[in-house]
Amino acid sequence: MSGTSRKIRTLFLSDIHLGAKASNAAALLGFLREHQAEKIVLVGDIVDGWKLKRHWHWPQSHNDVVQKLLRQARKGVEMIYVPGNHDEFARDFQGLHFGGIEVIDRTVHETADGRRLLVIHGDQFDVVVMNARLLAHLGDWAYVAAINLNRFIALIRRAFGLPYWSFSAWAKLRVKRAVNFIGSFETTLAAEARKEGLDGVICGHIHHAAIETIDGDMTYVNTGDWVESCTAIVEHFDGRLELIRWMDVLAKREADARQPSVQALPAPDVRKTQAA
Numbered sequence: 007m008s009g010t011s012r013k014i015r016t017l018f019l020s021d022i023h024l025g026a027k028a029s030n031a032a033a034l035l036g037f038l039r040e041h042q043a044e045k046i047v048l049v050g051d052i053v054d055g056w057k058l059k060r061h062w063h064w065p066q067s068h069n070d071v072v073q074k075l076l077r078q079a080r081k082g083v084e085m086i087y088v089p090g091n092h093d094e095f096a097r098d099f100q101g102l103h104f105g106g107i108e109v110i111d112r113t114v115h116e117t118a119d120g121r122r123l124l125v126i127h128g129d130q131f132d133v134v135v136m137n138a139r140l141l142a143h144l145g146d147w148a149y150v151a152a153i154n155l156n157r158f159i160a161l162i163r164r165a166f167g168l169p170y171w172s173f174s175a176w177a178k179l180r181v182k183r184a185v186n187f188i189g190s191f192e193t194t195l196a197a198e199a200r201k202e203g204l205d206g207v208i209c210g211h212i213h214h215a216a217i218e219t220i221d222g223d224m225t226y227v228n229t230g231d232w233v234e235s236c237t238a239i240v241e242h243f244d245g246r247l248e249l250i251r252w253m254d255v256l257a258k259r260e261a262d263a264r265q266p267s268v269q270a271l272p273a274p275d276v277r278k279t280q281a282a
């Protein structure tokens, strides 16, 4: 593990789903310890109200994430909370501040290089979530089943020294309708940003991390999630946006740690060689 914090201008996180058993809060804590941001934007579904309504699940690691974020806010880190559909209860508190965290439905982030990006969770443009809540909940149940299978596969792969691989992400991208939905979601969000005269959009919701250019000039950024892929978007001090896949970082560290150290061989004695 790195012994120093990596300083960044802005950190974008979404879809942590605290309160859900599938939330990888422990991995997020490790990530937060190694990244020090001047500004943190929480792009929705930080708490999973859907799961908490059905079954209370709040282990210490989930509480630790909340406390970590609150401490950052108290230390002067600018923090903005843009609620999503799983934590839609927070939308009732728009414009208010809690422990230094501002709650707002959408915002515009200006990067260090001057780009103005719409920040929104994205569920507002998901027809299923907006118009078929029962179907959305059934989809949520199927997603949890895929996550459970994903964790079993991950244990097997780790036992054989193989890198992390997401079955649920693989399955999702192999389904034609899911691929079409992702493409439609991206273009719809980019169009919304264009309509507002902005340079792009940063969103969450669909658990598919990406940094892309749409229609040649619109920046589309999706923060991913902390359920399966464990991804975040960071903005560097020059305005450059980077997608960090934290599980890949950890897997590389494990692989490097397993590599045997190579001892340098002594140089041959040239004089003895010539004499022979």
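Residue 282 is where the sequence shown ends in our numbering, and the numbering goes up by one at each step.
Ideal Cβ placement from N, Cα and C applies to all residues, glycine included.
Out of E260, V207 and S235, the CA that lies nearest to the CA of T117 is found in V207.
A direct Cα-Cα distance of roughly 24 Å separates L58 from R112.
Between I239 and T229, the alpha-carbon positions lie close to 6 Å from each other.
Beta-bridge annotation (DSSP): V49 is not paired with any residue. Remark: C-beta atoms of I126 and E198 approach each other more closely than 9 Å. Look at A238 here: in three-state DSSP terms it is strand. Around the beta-carbon of D262, fewer than 16 other beta-carbon atoms lie within 10 Å, marking it exposed. The Cβ atoms of V71 and L38 lie closer than 9 Å to each other. By the beta-carbon neighbour count (other beta carbons within 10 angstroms, threshold 16), W64 is exposed. For A26, the secondary structure class from DSSP, reduced to helix, strand or coil, is coil.
With a beta-carbon spacing of about 6 Å, V109 and A96 fall inside the 8 Å limit used to define contacts. In this structure, the alpha-carbon of F191 lies about 28 Å from that of I14.
Around the beta carbon of G120, fewer than 16 other beta carbons sit within 10 angstroms, so the residue counts as exposed. Taking G210 as the centre and dropping the five residues before and after it, the same chain places the C-beta of S20, D21, V49, G50, D51, G90, H127, G128, N228, T229, G230 and D231 closer than 8 Å to its C-beta, in chain order. For E218, same chain residues with a beta-carbon under 6 Å away, outside a window of 5 residues either side, are Y226 in chain order. Rounded to whole angstroms, the gap between the alpha carbons of H103 and A196 is 29 Å. When the alpha-carbon of A79 is set against those of L247, R60 and G106, the nearest one is in G106. Comparing alpha-carbon positions, the option among G222, V88, N30 and I220 lying closest to I46 turns out to be V88. Taking the C-beta atoms as reference points, I212 is found no nearer than 9 Å to D98. The C-beta distance from T237 to I250 rounds to 7 Å, short enough to fall under 8 Å.
G206: member of the beta strand (DSSP E) spanning G206 to C209, first to last residue.
Residue pairing by DSSP places Q42 opposite K13 in a beta bridge.
Counting along the chain, A261 sits inside the alpha helix (DSSP H) bounded by residues W252 to R264. Approximately 5 Å separates the beta-carbon atoms of A32 and S67; this is inside 8 Å, confirming the contact.
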